[in-house]
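Visitor: Quick mapping for you: the protein sequence lines, in order, are chains A, B and C.
If you use the working numbering, the first sequence corresponds to residues 132 to 503, in order.
If you use the working numbering, the second sequence corresponds to residues 1269 to 1520, in order.
If you use the working numbering, the third sequence corresponds to residues 10 to 234, in order.
In this text, a Cβ means the ideal position worked out from N, Cα and C, and glycines have one as well.
In this text, all values refer to a predicted model and were calculated from it rather than measured experimentally.
Dropping a structure here in structure tokens format, bear with me for questions.
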Amino acid sequence: MIRLDFQTPLARFPLRITADLAAPVTAVMGPSGAGKTSLLDSIAGLREIASGRMAIDDDVLVDTAAGRRTPPQHRRVGYVPQDAGLFPHLTVRENVLFGARGATREVGHAIDVLEIGSLGGRYPSALSGGEKQRVALARALATRPRLLLLDEPLAALDVSLRERIVPYLLRIRDEWSTPMLYVTHNVGEALALAGEVLLLESGRVEAQGAPLALLATPGLSREARAGIENLLAGEIEGHDPEGGVTRVRLAGGLIVAVSIVAERPVASAVTVAIRAEDVIVATEPVRGLSARNVYEAVVRGIERGPGDAAVRCAIRPELPEWLARLTPAAVAELGLSPGSRVWLAVKSHSVRVASAPPARTARAADLGTSRA
Amino acid sequence: MSGTRRLLGSVVLLIALGAGSPAAAAEITVFAAASLADAVSEIGKAFAAASGHHVAFNFGASSDLGRQLRAGAPADVFFSADRTQMDGVEQDGLVRASDRVDLLSNTLVVVVPARVPRRLQAPAEIASFDRLALADPQAVPAGVYARQYLESVGLWAALQGRIVPTLNVRAALAAVESENLPAAIVYRTDAAVSSRVRVAFEVPRSAGPAIVYVMAPLAAASPAGRLFAEELTSPRAARVYEKYGFLVLAHR
Amino acid sequence: MPTREEWAIVLFTLRVAALGTAIILPLGVAAAALLARRRGAGRTVLDTLFSLPLVLPPTAVGVVLLDAFSRASPLGRWLAAAGIRIAFDWKGVVLATAVMSFPLLVRSALTAFEEVDPRLVGLARTLGCGPLQAFFRVTLPLAWRGVLAGTVLAFARALGEFGATVMLAGNIPGRTQTLALAIFHETQLGHDDRARVLAGVTALLAFAALWSSEAVGRARTRRAA
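Below, the structure is given as structure tokens:
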């Protein structure tokens, strides 16, 4: 449990944060300049706060009233910045071992999980963006931190690289019990990783809650305007070359037809991504529709934002809720409300096959094929 | 000096006085040995007040001044502490032999800081100082004279390694005033103007080298400059020199 | 060509410049490290203080040094009692050149330290380093080329120092006479030809020193990882 109750002046406004964070991963979101990086810097001890209190579980990091300020080197907070921040004059191995007390088992575990063992003797200038981020993650983990702070760790990477790192982050979440504070602009990342979202605006907490629930708030919906993806884990069931379709089986037995990806072997684990904007909602079963994927569902909730509506639908209890993005006019015309019975339609072309799913599943060994 | 010359001088002075408006005020440049600083400044100030001309001084080691003149520095009057430097300037055609006047003499003294006064009983005791400041004995008149004296009493060989050469005689004096060095050989007239040194030993005139200060207006001097050169040889000036302890060899 | 005595002067000049530079290296690095950590009024005061010898006329610095180390001052008397001579001694030459070169080293080192990404230093802190550790493990290794360039620059300055040296140490042939002082002395004596020979040697040394400083500095910008 991370308890924050402090304030400190920034350039344009004061940073005033009062929040208790209990989720394993909390996504920190908000517009540029809202104070997200300053929040991380304050928790890490790189920015001195003016007044207030900060604690991780029973350990008080800062209590200005009691005159107590733990210096950064004793806070045991790991920091992964946007550009990895590797020390250019040290090799990968030296970077990873920088804060660790020798090559412990923890360090070896981090190297294994992040798959950077082969990079040991190289210098940061010889690494790709994805490799740098993984080394930065290993470096932070090697110190056995109590809290991991990640500042838009995927922002500097291109899209395909980004989705290769997400599984590593999920592994870290699942294999280390280290809580994470994850700054991101990408709503999809937040939805995939975070149990809770902290939305900042001008230095204050505008909202705090479950990611989907917050989607309607203006702050988040602005971010979401770029697009929200439904991320679903599954495995390849089979290919139909003539039909141009590959079938993916999701949890609960649901089949999703995607445009043929013959290079992926049958039974290999995949993540599929469906943009909320591409989900069509019907109030009656549809006949003669070109879309290959039609599912019956129940509306669980509608989050309304300015000129926008996100409809949460449940297809199966084992599956996460699907998000469909509609105009308020459509919602009104269809008379949608929680409990409404709907049919969701998605073209196979609208389903994107992303990368491998988290190590949690029994398919962990197959991850060897996914090299970033 | 003949009565006619004196009359002529006064008339010229009166004319100069009469023409003492700012537009007619001339700039006179005087290069003079460092040891003459106090005396010549006093004479110059009085002259400037009376004549309305402006007198600018460049006091320094005569060797340095001679070098500057020979390199082309403009000046009206050169007042050197030895003949050698004046010879050099005359050789370059900057001074006419007939304009030269052997004007003053001086004596050498050994000085120590006022805080630790000492009196030497004999010249040999000079060798007791672990270091001795002299105006550069290779070039500056005061230093050259001092070396000549030390050679004459057989002390130069022993002291040579302990000499600290300074830029000019006043710098040697200053080194002792500030107690940076235990002793220096300077002119008696220098010791007289400083309250922070004491004379430890006076070189008798008979034992010391012949010290001669030579003054001359430069060949290219302005009329006002020549006027000041005249003033430097006047009885009025002679009284000032004597006040400071110089020996006056000649005056009008 | 320089005579044997003149080569001795060259050697003496190189030695005092090297000694002076060696003394100010740790001091300059520490001073720059101190400055790099501060902001605001405190830093301005320190920065100005350290930069004074750069801006003041060397003779002014010489006067200050002479006052500080003369026998009339408490420091001077204490040193004299301990048998240590500074004024009119080769140690005075080292001191004068060190003081005059100090600001150059500090400035170069400071620039080098400030070029190090502060976020890297911050990351080192989160990885368990105290401020001093972070300095030695991150800042200094990344800034060493700038410090080296500054050191060579300071050495070049020390080679040519005149004003403060002549005031504090005097121009004593064989004892405190550096190349710069010797050039001056030869002109005083009217030996312009010797002065030109010495000036030529000084120019060559200064050229070599400055070129090395530039070369190191260039290598540093090339390697910016």
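For a cutoff of 8 Å on Cβ pairs, would you count residue 1406 (chain B) as touching chain C?
Guide: Chain C, which has a Cβ nearer than 8 Å to the Cβ of residue 1406 (chain B), makes this yes.
Visitor: Taking all protein chains shown into account, do 16 or more other C-beta atoms lie within 10 angstroms of the C-beta of residue 216 (chain C), making it buried, or fewer, making it exposed?
Guide: exposed
Visitor: When the distance is taken between beta carbons, is residue 425 (chain A) closer than 8 Å to residue 365 (chain A)?
Guide: no
Visitor: When the Cα of residue 419 (chain A) is compared with those of A:476, A:463, A:327, which residue comes out closest?
Guide: A:476
Visitor: Can you pull out the residues from the segment 135-166 of chain C whose beta carbon lies closer than 7 Å to at least one beta carbon of chain A?
Guide: From the segment 135-166 of chain C, only 135, 136, 137, 138, 139, 147, 150, 151 have a Cβ closer than 7 Å to chain A.
Visitor: Determine whether the Cβ of residue 204 (chain A) lies closer than 8 Å to any Cβ atom of chain C.
Guide: yes
Visitor: According to a CB-to-CB cut-off of less than 9 Å, which residues of the segment 193-217 of chain C neighbour chain B?
Guide: 194, 196, 197, 198, 199
Visitor: Rounded C-beta distance between residue 310 (chain A) and residue 328 (chain A)? I'm assuming under 8 Å.
Guide: Not quite, the Cβ-Cβ distance comes to about 14 Å (not below 8 Å), so this is no contact.
Visitor: Return the CA-CA distance between residue 138 (chain C) and residue 201 (chain A), expressed in angstroms with no decimal places.
Guide: 13 Å
Visitor: Could you tell me whether any Cβ in chain C is nearer than 8 Å to the Cβ of residue 313 (chain A)?
Guide: no
Visitor: Please go through the same chain and pick out, in chain order, the residues whose beta-carbon is closer than 6 Å to the beta-carbon of residue 135 (chain A), but skip the five residues on each side of it.
Guide: 148, 150, 185
Visitor: Compute the Euclidean distance between the alpha carbons of residue 71 (chain C) and residue 113 (chain C), then round it to the nearest angstrom.
Guide: 17 Å
Visitor: Kindly say whether residue 81 (chain C), judged by its beta-carbon, lies nearer than 8 Å to any beta-carbon of chain B.
Guide: yes
Visitor: Got a sec, what are the start and stop residues for the beta strand (DSSP E) residue 1389 (chain B) sits in?
Guide: Where residue 1389 (chain B) is concerned, there is no enclosing beta strand (DSSP E), given that its DSSP letter is neither H nor E.
Visitor: Round the Cβ separation of residue 177 (chain C) and residue 96 (chain C) to the nearest angstrom and send it over; I've been treating them as touching at under 8 Å.
Guide: 6 Å
Visitor: Can you confirm whether residue 241 (chain A), when its beta carbon is compared against all beta carbons of chain C, has any partner nearer than 8 Å?
Guide: no
Visitor: Name the DSSP bridge partner or partners of residue 138 (chain A)?
Guide: Under DSSP, residue 138 (chain A) shares a beta bridge with A:147, A:182.
Visitor: Would you mind giving the Cβ-Cβ distance between residue 388 (chain A) and residue 378 (chain A), rounded to the nearest angstrom? I have them listed as a contact below 8 Å.
Guide: 6 Å
Visitor: For the segment 1344-1425 of chain B, list the beta strand (DSSP E) runs that are entirely contained and at least 3 residues long, ordered along the chain.
Guide: 1345-1348, 1369-1373, 1376-1381, 1400-1403
Visitor: In chain C, which residues lie less than 9 Å from residue 1386 (chain B) when you measure between Cβ atoms?
Guide: By Cβ distance, chain C contributes nothing, its closest Cβ being about 15 Å from residue 1386 (chain B), past 9 Å.
Visitor: Which residues in chain C have a C-beta closer than 7 Å to the C-beta of residue 1437 (chain B)? List them in chain order.
Guide: Residues of chain C passing the Cβ test: none, with the nearest at roughly 14 Å.
Visitor: Given a cut-off of 8 Å, decide if residue 106 (chain C) and residue 174 (chain C) are closer than it, judged by their beta-carbon atoms.
Guide: Cβ atoms of residue 174 (chain C) and residue 106 (chain C): closer than 8 Å.
Visitor: Along the alpha helix (DSSP H) that carries residue 109 (chain C), what are the first and last residues, could you check?
Guide: 99-124
Visitor: Would you mind reading off the limits of the alpha helix (DSSP H) that contains residue 459 (chain A)?
Guide: 459-465
Visitor: Would you list the one or two residues that DSSP bridges to residue 439 (chain A)?
Guide: A:436
Visitor: Give the secondary structure of residue 93 (chain C) by DSSP, where H, G and I count as helix, E and B as strand, and everything else as coil.
Guide: coil
Visitor: Measuring only the C-alpha atoms, how far is residue 1275 (chain B) from residue 1520 (chain B)?
Guide: 12 Å
Visitor: Where do the N-terminal and C-terminal ends of the beta strand (DSSP E) with residue 376 (chain A) fall, by residue?
Guide: 376-381
Visitor: Contact criterion: CB-CB distance below 8 Å. Does residue 1433 (chain B) meet it with respect to chain C?
Guide: yes
Visitor: Can you find at least 3 beta carbon pairs, one from the segment 206-213 of chain A and one from the segment 246-253 of chain A, that sit closer than 8 Å?
Guide: They do not touch, by the three-pair rule.
Visitor: Hey, could you find the ends of the alpha helix (DSSP H) residue 1310 (chain B) is sitting in?
Guide: 1305-1319
Visitor: Mind checking residue 1425 (chain B): buried by the 16 CB within 10 Å criterion, or exposed?
Guide: exposed
Visitor: So, at 7 Å on beta carbons, what are the nonlocal neighbours of residue 269 (chain A) in its own chain, with the 5 sequence-adjacent residues on each side left out?
Guide: 227, 241, 242, 245, 247
Visitor: Three Cβ pairs or more, each shorter than 8 Å: is that satisfied between the segment 1360-1377 of chain B and the segment 1448-1456 of chain B?
Guide: yes
Visitor: What would DSSP say about residue 315 (chain A), mapped onto helix, strand or coil?
Guide: coil
Visitor: Below 7 Å on C-beta distance, what does residue 274 (chain A) contact in chain C?
Guide: 136, 137
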